[in-house]
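S.K.: This is the structure I have questions about; it appears just below.
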Amino acid sequence: MPVTESAAPFDASRQPTLSARPFPMKRFGGVDGVVHTAGPFKIDVEDNERDLIRPVLEGTRNILEAIEKNAPTVKRVVLTSSFASMFDSSKGNRPGYVYNEKDWNPTTYEEATRKDSPGFVSYLAAKSFAEKAAWDFVRDRKPHFDLVAILPPWIFGPNKNATANLAKLNMSSTDIYKQMSPTCKPTDPVPVNSFWSCVDVRDVAQAHVRAFEVPEAGGQRFFVCMGNYSNQQVVDILREKIPELRDRVPVGKPGSGFGGVELYTPDMSKSIRVLGLKYRDLDQTIVDAARSFLELERKGRS
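Numbering-wise (UniProt numbering), the sequence shown opens with residue 1 and increments by one.
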């Protein structure tokens, strides 16, 4: 299944809303595969069901129905799911536990839609609901395409968005930039981790390509993850590898790693074995991300 790069730039502001029913897709042919990456990442909402869960869930169902109806040549759909779909937030850091593709977020729809349910918990659950809906669709409707789910955790790496603005970075990019922005000082405290697992954006992209190219990937989930990290490791890398940042990046406790925090273990062996992924390390990911932010600073995109 060849993968080609579109010559036309994507303008999200001009795309139809995925939660619209029916999803307005014109009938087309000559396309082997579809990647469904759309999904809001927000946790501060007024209504968890209306603002978080329904858009993700209905958007996934609608795009699959539209492909089934209008794209008869599509053989495979690759869904960008998330580690959120695997993670059990009620268990915390879960020292000693190994997360892999067999795991599912256990939060129920009723729990996620309660008025007092934290937005973070509902967001994690929404990703699980959407992925389950996709698998249910393929199982029940038996369409002319199969499904592959890619499950990344926190995604870091260089920002290649042509319209990128430092004031409007996504949440994971902000998590890095807030440790190196011009307002930072070496004496600032190192932020506590929001999440503990990460992956390079370029490896996530490669996973999607390989999901199309590898026949046996069909019908499978893949946990795409570099490993665990700490913000202390991030600032250590920034201070060592990019000397021009030393007068702003927090020092913290150099070399202390996870600071004694015990964590679960991510098992990404299936993605290596089946998709043939070779993961970039944290040093390369953080350095390349930081240099892309510095380039945005130089261009005055703040």
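Glycine included, C-beta positions come from ideal geometry on N, C-alpha and C. This one's a predicted model, so the numbers in the text were calculated from it and none came from an experiment.
Can you tell me whether leucine 57 is helix, strand or coil according to DSSP?
M.R.: Stepping through the sequence shown from its first residue, residue 57 is reached at position 57. Of the three classes helix, strand and coil, the one that applies to leucine 57 here is helix, per DSSP.
S.K.: Does valine 251 come out as helix, strand or coil in the three-state DSSP assignment?
M.R.: Residue 251 sits at position 251 when you count from the first residue of the sequence shown. Coil at valine 251, not helix or strand.
S.K.: Suppose the cutoff is 6 Å on Cβ atoms and the five residues either side in sequence are ignored; what does the same chain contact list for proline 191 look like?
M.R.: Residue 191 sits at position 191 when you count from the first residue of the sequence shown. Cβ neighbours of proline 191 beyond the five flanking positions: Asn231.
S.K.: How many angstroms separate the CA atom of methionine 1 from the CA atom of glycine 255?
M.R.: Here residue 1 refers to the residue found at position 1 of the sequence shown. Here residue 255 refers to the residue found at position 255 of the sequence shown. Residue placement at methionine 1 cannot be trusted, given a pLDDT of 45 that sits under 50; the coordinates are not used to answer.
S.K.: Just confirm the distance between the C-beta atoms of arginine 248 and lysine 185, as a whole number of angstroms; I'd bet it's less than 8 Å.
M.R.: Your numbering for residue 248 matches position 248 in the sequence shown. Your numbering for residue 185 matches position 185 in the sequence shown. Sure, about 6 Å apart at Cβ, within 8 Å.
S.K.: For the putative contact between methionine 268 and valine 224, defined by C-beta atoms under 8 Å, what is the C-beta separation to the nearest angstrom?
M.R.: Residue numbering aside, residue 268 sits at position 268 when the sequence shown is read from its first letter. Residue numbering aside, residue 224 sits at position 224 when the sequence shown is read from its first letter. Contact flag correct, Cβ pair sits at about 7 Å.
S.K.: Pull up the distance between the alpha-carbon of phenylalanine 23 and that of lysine 270, whole angstroms please.
M.R.: Along the sequence shown, one-based indexing puts residue 23 at 23. Along the sequence shown, one-based indexing puts residue 270 at 270. Note that phenylalanine 23 has pLDDT 45, beneath the 50 cutoff, so the model's placement of it is unreliable and the number below is only indicative. Between phenylalanine 23 and lysine 270, the C-alpha separation is close to 34 Å.
S.K.: With H, G and I counted as helix, E and B as strand and the rest as coil, what does DSSP make of isoleucine 43?
M.R.: Walking along the sequence shown from the start, residue 43 turns up at place 43. DSSP places isoleucine 43 in coil when its eight states are reduced to three.
S.K.: Using a Cβ-Cβ cut-off of 7 Å (strictly less than) and excluding sequence neighbours within five positions of leucine 151, which residues of its own chain qualify?
M.R.: By 1-based counting over the sequence shown, the position of residue 151 is 151. Taken in chain order, the residues that qualify are Ser81, Ser82, Phe83, Ser85, Met86, Arg221, Phe222, Phe223, Val224.
S.K.: Beta carbon of phenylalanine 223: closer than 8 Å to some heavy atom of the ligand MG?
M.R.: Among the ligands in the structure shown, none appear at all, so the ligand MG cannot be discussed.
S.K.: Between Asp44, Asp203, Lys299, Val287, which lies nearest to residue 304 when the distance is taken from Cα to Cα?
M.R.: The requested residue 304 is not part of the displayed model; the chain covers only 1 to 302.
S.K.: Tell me whether proline 186 sits in a helix, a strand or coil according to DSSP, three-state version.
M.R.: Taking the sequence shown and counting its residues from 1, one reaches residue 186 at position 186. Correct three-state label for proline 186: coil.
S.K.: For phenylalanine 145, collect the residues of the same chain with a Cβ closer than 6 Å to its Cβ; drop the 5 residues on either side in sequence, then sort them by chain order.
M.R.: On the sequence shown, position 145 is the one that residue 145 refers to. For phenylalanine 145, where only same-chain residues beyond five positions count, the Cβ hits under 6 Å are Val74, Lys75, Arg76, Val77.
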